[in-house]
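Visitor:
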Amino acid sequence: MFFSLYFIFSIQTVRKKKQDARKILVGICVCIVFSTWELYGSVFENAKYHSTFFKLVYLFFIISIASTLVLRYVQLYKDAQLLNKYLIDQKEAFYRFVPVDFIRIIDRESPISISVGDSKEKSMTVLTSCIRNFASLSKTVPLNQTITFLNSYLSEMEELVYKTTGFVDKYIGNEILALFGDYDERAAKENFNSADNAVESAIKMVNAIRSGKLVKIF
Numbered sequence: 001m002f003f004s005l006y007f008i009f010s011i012q013t014v015r016k017k018k019q020d021a022r023k024i025l026v027g028i029c030v031c032i033v034f035s036t037w038e039l040y041g042s043v044f045e046n047a048k049y050h051s052t053f054f055k056l057v058y059l060f061f062i063i064s065i066a067s068t069l070v071l072r073y074v075q076l077y078k079d080a081q082l083l084n085k086y087l088i089d090q091k092e093a094f095y096r097f098v099p100v101d102f103i104r105i106i107d108r109e110s111p112i113s114i115s116v117g118d119s120k121e122k123s124m125t126v127l128t129s130c131i132r133n134f135a136s137l138s139k140t141v142p143l144n145q146t147i148t149f150l151n152s153y154l155s156e157m158e159e160l161v162y163k164t165t166g167f168v169d170k171y172i173g174n175e176i177l178a179l180f181g182d183y184d185e186r187a188a189k190e191n192f193n194s195a196d197n198a199v200e201s202a203i204k205m206v207n208a209i210r211s212g213k214l215v216k217i218f
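Mapping to the UniProt record's numbering: the sequence shown position 209 is 209, numbers consecutive.
Set out below in structure tokens:
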């Protein structure tokens, strides 16, 4: 009775193309064949082989179920690892476009908790900077050199903004738009002032350019 019900269930899982369904069905079929053979032998009172066959059938059934469960567990573990890696990569990709500080400003713990239309009224200072005549100058050098210069320039400027308790909200071509809040846990200063921090950041930007640290192509 048990094998019959399990056999019907296995056929349904095979039709639905579920994982490992064919393996389970094969195991059940083998068990049914051996059980039928055992029943046939018992009818003719072949007791000499009756006990041995039953043990072999039962052992085969247990091994098939156990191996299926182990394989399923291993597959689930691999799927979980791939899912975790995918979520980590997705999170890192998100933070390449949305600053962590921006999420903190609107009092959210993670991107998942952000809803459409979320906003927070705060007093902040906005700093913008761009390279003078960059559009015309960039036409005089190869594209790959322009990209190399921009990567060097923007990385250096972003680091200076961050050191002065600000963060880059977005890049618009060669232009940088940075935000400075009136309070930041990264700096425990007395009389913390976002405008002063923005000016300090701008001064450091100018000094970095004059120092010749950046890649020169113009």
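Note that CB positions come from ideal geometry on N, CA and C, so glycine has one too.
Going by C-alpha distance, which of R104, N133 and A135 is nearest T120?
Guide: The amino acid occupying residue 120 in the given sequence is Lys; Thr does not appear at that position. Ranking the options by Cα distance to K120, first place goes to R104.
Visitor: Quick one: is L69 buried, meaning 16 or more other Cβ sit within 10 Å of its Cβ, or exposed?
Guide: Per the 10 Å Cβ criterion, exposed.
Visitor: Could you tell me which uninterrupted alpha helix (DSSP H) segments, each at least 4 residues in length, are contained entirely in the UniProt domain "Guanylate cyclase" (125-218), listed from first to last along the chain?
Guide: List check, alpha helix (DSSP H) in window: 134-138, 143-163 and 194-210.
Visitor: Is DSSP giving F61 helix, strand or coil here?
Guide: If DSSP states are grouped into helix, strand and coil, F61 belongs with the helices.
Visitor: L87: which of I172, R132, D169 and P111 sits nearest, CA to CA?
Guide: Considering only alpha carbons, the answer is P111.
Visitor: May I ask you to report which of helix, strand or coil DSSP gives S123?
Guide: Of the three classes helix, strand and coil, the one that applies to S123 here is coil, per DSSP.
Visitor: On the CB-based measure, 16 or more other CB atoms within 10 Å of its CB, does I176 come out buried or exposed?
Guide: Buried, by the Cβ-count rule.
Visitor: Below 8 Å on the Cβ atoms is my contact criterion, and I expect F180 with M124 to pass it. Report the Cβ-Cβ distance as a whole number of Å.
Guide: F180 to M124, Cβ: 6 Å. Contact.
Visitor: From I147, K204, N133 and I131, pick the residue whose C-alpha is nearest to that of residue 231; which is it?
Guide: Any question about residue 231 goes unanswered here, given that the chain covers just 1 to 218.
Visitor: Output the boundary residues of the alpha helix (DSSP H) element that contains D101.
Guide: It spans V100 to I105 - the alpha helix (DSSP H) in which D101 sits, taken as one unbroken run.
Visitor: For E109, which of helix, strand or coil comes out of DSSP?
Guide: The answer is coil: DSSP assigns E109 none of H, G, I, E or B.
Visitor: My understanding is that A198 touches L127, with C-beta atoms under 8 Å, so please give their C-beta distance in whole angstroms.
Guide: Contact flag correct, Cβ pair sits at about 4 Å.
Visitor: Can you have a look at N133 and say buried or exposed, based on whether 16 or more other CB atoms are within 10 angstroms of its CB?
Guide: The residue in question, N133, is exposed, as its Cβ has fewer than 16 Cβ neighbours within 10 Å.
Visitor: From D118 to L83, what distance separates their C-alpha atoms?
Guide: One C-alpha to the other measures close to 28 Å.
Visitor: Please tell me whether A178 and S201 are closer than 8 Å, where the distance is taken between their beta carbons.
Guide: Yes.
Visitor: So, at 6 Å on beta carbons, what are the nonlocal neighbours of S138 in its own chain, with the 5 sequence-adjacent residues on each side left out?
Guide: Only T146 meet the Cβ criterion.
Visitor: Taking the beta carbon of F149 as the centre, do at least 16 other beta carbons fall within 10 Å, making it buried, or is it exposed?
Guide: Under this definition F149 is a buried residue.
Visitor: Is it buried or exposed for Y73, if we count other Cβ within 10 angstroms and need 16 for buried?
Guide: Y73 is exposed by the Cβ-count criterion.
Visitor: With 16 other CB atoms within 10 Å as the buried threshold, where does L71 fall?
Guide: So L71 ends up on the exposed side.
Visitor: Report buried or exposed for N144, applying the criterion of at least 16 other Cβ atoms within 10 angstroms of its Cβ.
Guide: It counts as exposed.
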